[in-house]
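From first to last, the protein sequence lines stand for chains A and B.
Numbering-wise (the working numbering), the first sequence opens with residue 1 and increments by one.
Numbering-wise (the working numbering), the second sequence opens with residue 488 and increments by one.
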Amino acid sequence: MTELHQFSLAELAAGLKTKRFSSLELTRHFLGRIDRHNPALNAFITVTAEAALAHAAQADRSLASGEGTALTGLPLAHKDIFCTDGVLTTCASRMLSNFVAPYDATVVTRLKAAGMVMLGKTNMDEFAMGSSNETSWYGPVKNPWDVKKVPGGSSGGSAAAVAARLSPVATGTDTGGSIRQPAALTSLTGIKPTYGRVSRYGMIAFASSLDQAGVLGLSAHDAALMLQAMSGFDPRDSTSVDAPVPDYVATLDQPLSGLKIGLVKEFFEKGLDEANGKLVRDALSEYQKLGAKLIEVSLPSLPLSVPTYYVVAPAECSSNLSRFDGVRFGYSCKEPRDLMDLYTRSRGEGFGAEVKRRIMTGAYVLSAGYYDAYYLKAQKVRRQIADDFERAFKQVDVLMGPTSPSPAFDIGAKVDDPITMYLNDIYTIGANLAGVPAMSIPCGFLGGLPVGLQIIGGHFAEAKLLNVAHAYQRETDWHKKMPQSFA
Amino acid sequence: MSLEAKDVAKIAHLARLAITEQEMPAYAESLSKIFSFVEQLNAADVDNVEPMAHPLAGQVQRMRADEVTETDAHEKYQRNAPRVEASLYLVPKVLE
């Protein structure tokens with residue numbers, strides 16, 4: 001018999017509608033799995049069992065009276081970067097280890113309004129700064145496919161929770177690859193929408209011109225259901241885009257014949273693990289069978305995306321994180337001598353090493369005498385990278401390539417060398433700099449570890465991305481594989 | 488590019504971060520690596536390129552009507568504050 005956690009979100013939604021099981025049963029089942037398996041994974045920072053059961057009972061009443069949305073009664077987990085009213089919201093930092101959010105993020109509000117049941121808040125890299133989930137104040141998250149490996153980051157807790165089926169779906173955020181890279185490393189479907197598609201209100205800011213909320217789930221269909229509810233204009237986010245949200249589920253089954261796929265030449269050059277690249281090429285052949293045409297394209301400025309990002313993102317982070325002053329909320333040092341001591345010690349003791357490194361990088365590149373050489377220069381190269389993408393999308397419908405240079409690496413392997421760690425995001429950062437939507441879908445395994453295929457689209461092409469991903473998932477079953485230890 | 492401990496101390500001051508003497512060498516090393524790494528940008532020819540601050544072309548900051556939209560919630564917000572008295576945030580004495 002198939003157990004409840006072995007169904008996709010779409011299948012669970014159907015089961016709730018036909019009363020095969022109740023939201024309360026579903027919620028209890030997943031809470032039980034969190035109890036049993038979370039100690040091995042460290043995927044959750046907070047579990048909100050009591051509130052979850054109350055919301056599930058409420059969802060069951062809505063469903064019984066024939067009300068409710070496509071998502072009513074379905075459990076989910078939120079990355080601990082989203083503010084949740086009355087619930088601890090830490091951003092995996094000591095700085096916010098005592099912070100009870102006084103309001104809900106818009107993403108949380110919308111999914112709550114859709115009737116979803118929050119199971120808890122997931123672990124992450126501190127302030128979303130990391131690619132391995134090792135910078136968390138709450139300790140590293142383990143990869144369910146091999147607990148000695150990292151799950152990727154920064155949305156590593158969300159990835160591990162869904163991959164191990166402790167939650168059927170989870171929210172994430174992606175500033176330089178933080179949804180797509182963990183999705184690739186844990187065999188999930190992850191989508192980062194267009195910048196401005198999903199509200200950033202109540203999502204703790206890292207780099208405001210790059211941050212975007214999205215989904216980690218088991219399939220493109222599941223991601224479509226979630227994105228539908230999350231997307232749309234929000235007057236509380238000054239960069240939210242006021243544009244209609246298409247019906248993402250309705251176009252999932254469109255045929256791919258004639259689809260033009262751009263193979264990004266720069267994605268397949270040095271740095272890519274050969275066997276990893278082979279699996280990506282196999283997936284591309286599968287697309288040819290579905291009627292798509294492969295066209296090689298070049299994005300000549302793309303090799304500069306990592307250095308560009310590591311100027312722009314730290315600059316924005318140093319501004320955003322200046323709000324943590326030890327006065328109004330968050331960690332505050334003991335017995336400050338004076339105001340300067342209060343600021344510097346609260347921040348010095350409250351932030352972890354990687355966050356401090358990025359704040360200092362940002363402070364430096366923005367400082368007098370260095371602004372033009374670093375920050376202005378990076379903004380100009382960012383324009384060239386964005387122009388490369390724009391030119392490519394005049395030629396092709398979507399771009400494809402690897403999500404990550406290699407499968408999951410050992411916990412501890414890269415943590416001491418920031419540059420090696422930063423280069424993990426070499427294929428994902430471009431989409432953030434250009435603001436375009438991108439996905440990662442499972443496309444195979446190397447030595448038992450998952451590999452992801454990245455699909456990138458033009459601005460607001462989420463429906464196309466989901467359609468392209470879904471077509472592949474109808475022909476393959478990589479996305480249905482489960483880590484045996486957590487089956 | 489190679490930073491020394493005194494450079495890190497200066498940056499840490501700009502960023503209002505207390506960094507201990509013991510931590511200095513490690514930050515000097517890793518920040519030097521990062522700044523050397525981003526020096527790749529020097530190779531880019533960006534003459535006449537307009538800097539890009541925002542990923543969506545033509546987006547302008549919206550204005551909103553000058554109306555009250557927030558209600559007073561200071562009690563709720565100040566529950567997160569480390570030191571509050573009479574609805575005021577307390578800081579160490581600034582004026583003697």
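Cβ atoms here follow ideal geometry from the backbone N, Cα and C, with glycine treated the same way.
Asked: Near-chain B residues of the segment 297-311 of chain A (beta-carbon distance less than 9 Å), N- to C-terminal order; Found: S301, P303, L304, V306, P307, T308, Y310, V311
Asked: Candidates G435/A, A487/A, L449/A, P442/A: closest to A540/B by CA position; Found: G435/A
Asked: Proximal residues, the segment 326-340 of chain A versus chain B, C-beta separation under 9 Å; Found: G326, V327, R328, F329, G330, Y331, S332, C333, P336, R337, D338, L339, M340
Asked: Partner residues on chain A for L582/B, Cβ-Cβ distance less than 7 Å; Found: None at all; the shortest Cβ gap to chain A is about 11 Å.
Asked: Rounded separation between P442/A and L188/A - CA only; Found: 6 Å
Asked: Whole runs of the alpha helix (DSSP H) within the segment 207-232 of chain A, excluding any shorter than 4 residues; Found: 220-230
Asked: Listed by chain order, chain B residues near Q454/A by CB distance under 9 Å; Found: The premise fails here: Q454/A is roughly 18 Å from chain B at the closest Cβ pair, so nothing lies under 9 Å.
Asked: Residue-chain proximity (L575/B, chain A), Cβ-Cβ < 7 Å; Found: no
Asked: Closest Cα partner of I261/A within the set K17/A, E25/A, R383/A, Q454/A; Found: Q454/A
Asked: Coil, strand or helix - D534/B by DSSP; Found: coil
Asked: Beta-carbon contacts of D273/A that lie in its chain and below 7 Å, excluding the five residues immediately before and after; Found: P405, S406
Asked: Three-state class that DSSP yields for T420/A in the structure shown; Found: helix
Asked: Residues that V381/A contacts on chain B, provided the C-beta gap is smaller than 7 Å; Found: L528, A531, V533
Asked: Outcome for P300/A when other beta-carbon atoms lying within 10 angstroms are tallied against a minimum of 16; Found: exposed
Asked: Assumed close pair L492/A, S318/A - CB separation to whole angstroms, cut-off 8 Å; Found: In the structure as shown, chain A begins at 1 and stops at 487. Residue 492/A is therefore absent and cannot be evaluated.
Asked: Alpha-carbon spacing of Y103/A relative to D341/A, whole angstroms; Found: 30 Å
Asked: Integer-rounded CB distance, given that S23/A should sit under 8 Å from G73/A; Found: 3 Å
Asked: Coil, strand or helix - H78/A by DSSP; Found: strand
Asked: Buried versus exposed call for P39/A [16 or more other C-beta atoms within 10 Å across all chains shown]; Found: exposed
Asked: Contact between the segment 62-78 of chain A and the segment 104-120 of chain A (3+ Cβ pairs under 8 Å); Found: yes
Asked: M539/B in three-state terms, based on DSSP; Found: coil
Asked: CB contact below 7 Å: Y195/A versus chain B; Found: yes
Asked: Between the CA atoms of V47/A and L31/A - distance to the nearest angstrom; Found: 8 Å
Asked: Counted within 10 angstroms of its Cβ, other Cβ atoms place Q395/A as buried (16 or more) or exposed; Found: exposed
Asked: Cutoff 7 Å: F389/A Cβ touching any chain B Cβ; Found: no
Asked: Closest residue to V581/B among D338/A, S346/A, R357/A (Cα-Cα distance); Found: D338/A
Asked: Alpha-carbon to alpha-carbon, A552/B and V215/A; Found: 33 Å
Asked: Helix, strand or coil at P442/A according to DSSP, with G and I counted as helix; Found: strand
Asked: Cβ pair K265/A, E296/A closer than 7 Å; Found: yes
Asked: Within chain B, partners of K356/A - CB distance below 9 Å; Found: A499, A502, L504, I506, E510, Y514
Asked: Distance between beta carbons of M360/A and Y514/B, contact taken as under 8 Å; Found: 7 Å
Asked: Residues that K563/B contacts on chain A, provided the C-beta gap is smaller than 7 Å; Found: P102
Asked: Secondary structure of F324/A, DSSP reduced to three states; Found: coil
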